[in-house]
Amino acid sequence: MKKILFVGMIAILGAAAAGCFSATSYQLADTVPKGGTDLGFGFSVSTIPQGSYTSADGEKTDISEDLSGTVPNPFPDILMRFGLGDNTDIGFKLFFLGLQGDFKWRFVNTPSFSMAIAPGVYYSRPFIVFAQYGLTLPLLFTFKRRKRRFE
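Just so we're on the same page, the working numbering is the position in the sequence shown counted from 1, plus 12.
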């Protein structure tokens with residue numbers, strides 16, 4: 013029971029620390045084996061805000077004037093990871109109006125637990141209104157269940 017409570021608390025803390033939802037941003041601490049590749053697909057979820065903005069030249073533009081509240085929009089994500097070594101890999105993600113790259117280093121690897129960091133950079137142009145650049149430094153955990161043999 014304590015183990016379930018601990019895992020639940022970790023999941024809640026992880027969800028609370030998350031930013032914009034993108035299922036492809038969540039990954040295991042385990043790396044792709046040397047020379048191997050992984051290909052993944054997923055969806056990001058974004059919303060169209062209601063309101064307006066003013067451009068640099070002073071022109072006011074209404075956003076989704078006829079919508080009440082916000083509308084969720086799923087956008088496809090494509091990602092690929094390449095194994096560089098036993099504990100390292102490199103990954104690239106193409107998402108709606110942006111791209112991201114990262115380098116993952118797994119520094120703890122036991123039969124029941126792995127931990128890694130994956131520093132990365134991203135560039136995005138949401139709704140082609142402004143550009144975003146950023147750095148990421150996620151700390152990744154993987155809890156592994158041991159396989160039990162049934163006799």
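Every residue gets a Cβ at the ideal spot worked out from N, C-alpha and C, and that includes glycine.
No experiment lies behind these values; they were computed from the predicted model shown.
- prompt: Which residues does DSSP pair with L51 in a beta bridge?
  reply: Counting from 1 along the sequence shown, the entry for residue 51 is found at position 39. BP columns for L51 point to M92.
message: Looking only at its chain, what residues have a beta carbon closer than 8 Å to the beta carbon of F18, apart from the 5 residues adjacent to it on each side?
response: In the sequence shown, the residue the question calls residue 18 occupies position 6. Counting only Cβ-Cβ distances below 8 Å, and skipping sequence neighbours, we find nothing.
task: Can you tell me which of the three DSSP states K15 falls into?
output: Position 3 of the sequence shown, counted from the start, is the residue given in the question as residue 15. The answer is helix: DSSP assigns K15 an H, G or I state.
- request: Report yes or no: is there a C-beta of chain B within less than 7 Å of the C-beta of L40?
  value: The chain labelled as chain B is not found in the depicted structure, where only one protein chain is given.
message: Can you check which of these residues, F155, L149, K46, is closest to L96 by C-alpha distance?
response: The residue you call residue 96 lines up with position 84 of the sequence shown. Ranked by Cα distance from L96, the first of F155, L149, K46 is K46.
field: Counted within 10 angstroms of its Cβ, other Cβ atoms place A41 as buried (16 or more) or exposed
entry: Here residue 41 refers to the residue found at position 29 of the sequence shown. Looking at its Cβ environment, which holds 16 or more other Cβ atoms inside 10 Å, A41 is buried.
Beta-carbon proximity check, R118 vs T49, cutoff 7 Å: Taking the first residue of the sequence shown as position 1, residue 118 is located at position 106. Taking the first residue of the sequence shown as position 1, residue 49 is located at position 37. Taking 7 Å as the cut-off, the Cβ atoms of R118 and T49 do not count as close.
Nearest-angstrom Cα separation, counted from G146 out to L109: Sequence index remark: in the sequence shown, residue 109 carries index 97 (1-based). Sequence index remark: in the sequence shown, residue 146 carries index 134 (1-based). C-alpha separation (whole angstroms): 14 Å.
message: Please state whether the Cβ-Cβ distance between K5 and D101 is less than 7 Å.
response: The structure shown does not extend to residue 5, since the chain spans only 13 to 163, so no value can be given for it.
message: For S56, count the other beta carbons within 10 Å of its own beta carbon; 16 or more makes it buried, fewer makes it exposed. Which is it?
response: Start at 1 with the first residue of the sequence shown, and residue 56 comes out as number 44. Looking at its Cβ environment, which holds 16 or more other Cβ atoms inside 10 Å, S56 is buried.
message: Pull the bridge partners of Q144 from the DSSP assignment, please.
response: Here residue 144 refers to the residue found at position 132 of the sequence shown. Per DSSP, S136.
task: Determine, using beta carbons only, whether D114 and A130 come nearer to each other than 7 Å.
output: Within the sequence shown, residue 114 is the residue found at index 102, counting from 1. Within the sequence shown, residue 130 is the residue found at index 118, counting from 1. Yes, the Cβ-Cβ distance between D114 and A130 is below 7 Å.
- prompt: Cα separation between V224 and T148?
  reply: Coverage of the chain is limited to positions 13 through 163, which leaves residue 224 absent and any answer about it impossible.
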